[in-house]
């Protein structure tokens, strides 16, 4: 009886493993001339990638402050979630790129010493499209992220509507001027190094998601599909709520979701399936 039970257990394990043949590459790297150093990134390749010759849509999935490029793998369980959602048909097979960003806030710093945004647009995207079988059309490229990465995803989608079809910020680090003028809180020193002394500087306003929405050209509205997601207990609720209000006032199409939860990995793991489904719908509309 024990042998029979073991036989079935092994068989079940082999069966379950056969259902997931995706590939996770955790130690990829690209040499950046713009930054002057190596940029690490992790890569999720869907089931069938190694056997087929087809090209795949790409999602750039950005980490938050205090995390690194492996966070979506280790805490976000991206492989398990993506495998399940793709297998169910709720998400399209896609490549997921998770780059290292440090504390860059995904921007070019005011003094030009750090040009992360330039690296991302001019080097990382072309690198991925040269080294992976990635679709190169805008309609098959999306960006998402949590917290600092949620801000980065919004910044890139709004500033480069010709590059991205969809954007899914989760608990995005969007701040009102009032929040920053009140000392900048725990981010004061970091923001001073990125945006200049005084926090609400001209450079900050050029990179403020709220200011970019206010000044968005009318013909750009609808160029990118947005899904904004923030917990009702998240300390970033104010900026996300203001973003939703501004988008409504500007008639910018978007989805806005508020669920029970805070600024936690539990919340973001629960957000990821919906984000994958949302970007997949934009891919399938193409």
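Numbering (our numbering), first residue to last: 8 to 293.
Ideal Cβ placement from N, Cα and C applies to all residues, glycine included.
Since the structure is predicted, the reported quantities are computational estimates derived from the model, not experimental observations.
Which residues in the same chain as residue 274 place their Cβ atom closer than 6 Å to its Cβ, once the five residues preceding and following it in sequence are excluded? For the purposes of this step, residue 274 is taken as the residue at position 267 of the chain shown. 238 and 268.
Which same chain residues, not among the five before or five after residue 165, have their C-beta less than 6 Å away from its C-beta? If you number the chain shown from 1, residue 165 lands on position 158. Cβ neighbours of residue 165 beyond the five flanking positions: 219.
Rounded separation between residue 277 and residue 265 - CA only: In the chain shown, the residue the question calls residue 277 occupies position 270. In the chain shown, the residue the question calls residue 265 occupies position 258. Straight-line Cα distance between these residues: approximately 12 Å.
Could you pull out every residue in the same chain whose Cβ sits closer than 6 Å to the Cβ of residue 262, ignoring the five residues on either side in sequence? Locating residue 262 in the chain shown gives position 255, counting from the first residue. The residues are 234.
Fully enclosed by the stretch 210 to 283, which beta strand (DSSP E) runs are 3 residues long or longer? Entirely contained in the stretch 210 to 283, the beta strand (DSSP E) runs reaching 3 residues are, in chain order, 232 to 238 and 261 to 266.
What's the call for residue 247, buried or exposed, on a 16-neighbour Cβ count within 10 Å? Here residue 247 is taken as the residue at index 240 of the chain shown, counted from 1. A buried status is given to residue 247, since no fewer than 16 other beta-carbon atoms sit within 10 Å of its beta-carbon.
For residue 72, which residues in the same chain have their Cβ closer than 7 Å to its Cβ, ignoring the five residues on either side in sequence? Here residue 72 refers to the residue found at position 65 of the chain shown. Residues of the same chain with a CB within less than 7 Å of the CB of residue 72, apart from the 5 flanking positions on each side, are 110, 154 and 155 in chain order.
From this set, 86, 133 and 101, which residue's C-alpha is nearest residue 38's C-alpha? Walking along the chain shown from the start, residue 38 turns up at place 31. The alpha carbon of residue 38 has as its nearest neighbour, out of 86, 133 and 101, the alpha carbon of 133.
Which of the three DSSP states, helix, strand or coil, is assigned to residue 152? Position 145 of the chain shown, counting from 1, holds the residue named residue 152. It is a strand residue.
For residue 148, count the other beta carbons within 10 Å of its own beta carbon; 16 or more makes it buried, fewer makes it exposed. Which is it? For the purposes of this step, residue 148 is identified with residue 141 of the chain shown, where counting begins at 1. With a threshold of 16 other beta carbon atoms within 10 Å, residue 148 meets it and is buried.
Give a yes or no on whether the C-beta atoms belonging to residue 181 and residue 243 are separated by under 9 Å. Residue numbering aside, residue 181 sits at position 174 when the chain shown is read from its first letter. Residue numbering aside, residue 243 sits at position 236 when the chain shown is read from its first letter. In this structure, residue 243 lies closer than 9 Å to residue 181 by Cβ.
What does DSSP give as the partner residue(s) for residue 39 in the beta ladder? Within the chain shown, numbered from 1, the residue matching residue 39 stands at position 32. Beta-bridge annotation (DSSP): residue 39 is paired with 44.
Residue nearest to residue 279 in terms of C-alpha spacing, selected from 90, 54 and 58: As a first step, residue 279 must be located in the chain shown, where it is residue number 272. Comparing C-alpha distances from residue 279 to each of 90, 54 and 58 shows the shortest one belongs to 90.
Measuring CA to CA, which of 198, 257, 202 and 104 is closest to residue 298? The structure shown does not extend to residue 298, since the chain is modelled only from 8 to 293, so the question has no answer here.
CB-CB under 6 Å to residue 163, same chain, minus the five flanking residues each way: which ones, in chain order? In the chain shown, counting from the first residue as 1, residue 163 sits at position 156. Cβ neighbours of residue 163 beyond the five flanking positions: 150.
Given a cut-off of 9 Å, decide if residue 257 and residue 99 are closer than it, judged by their beta-carbon atoms. Position 92 of the chain shown, counted from the start, is the residue given in the question as residue 99. Position 250 of the chain shown, counted from the start, is the residue given in the question as residue 257. It is not a contact, given that the beta carbons lie outside the stated cut-off.
Using three-state DSSP, classify residue 164 as helix, strand or coil. Here residue 164 refers to the residue found at position 157 when the chain shown is read from its first residue. Residue 164 falls in the helix class under three-state DSSP.
In whole angstroms, give me the CA-to-CA distance for residue 84 and residue 138. Here the question's residue 84 lines up with position 77 in the chain shown. Here the question's residue 138 lines up with position 131 in the chain shown. Going from the Cα of residue 84 to the Cα of residue 138 covers about 24 Å.
Does the Cβ-Cβ distance between residue 216 and residue 171 come in under 9 Å? The residue given as residue 216 occupies position 209 in the chain shown. The residue given as residue 171 occupies position 164 in the chain shown. No. Outside cutoff.
With a threshold of 16 other CB atoms inside 10 Å of the CB of residue 44, please say whether the residue is buried or exposed. Taking the chain shown and counting its residues from 1, the one referred to as residue 44 is at position 37. Residue 44 should be labelled exposed.
Cβ of residue 144 versus every heavy atom of the ligand NAP: is any distance shorter than 8 Å? No copy of the ligand NAP occurs in the structure displayed, which carries no ligand at all.
Starting from residue 197, trace the alpha helix (DSSP H) both ways and give me its first and last residue. The sequence position of residue 197 within the chain shown is 190, counting from 1. It spans 195 to 202 - the alpha helix (DSSP H) in which residue 197 sits, taken as one unbroken run.
Residue 68: first and last residue of the uninterrupted beta strand (DSSP E) it sits in: The sequence position of residue 68 within the chain shown is 61, counting from 1. For residue 68, the uninterrupted beta strand (DSSP E) segment begins and ends at 65 to 69.
How big is the Cα-Cα spacing for residue 92 and residue 270? Stepping through the chain shown from its first residue, residue 92 is reached at position 85. Stepping through the chain shown from its first residue, residue 270 is reached at position 263. Between residue 92 and residue 270, the C-alpha separation is close to 23 Å.
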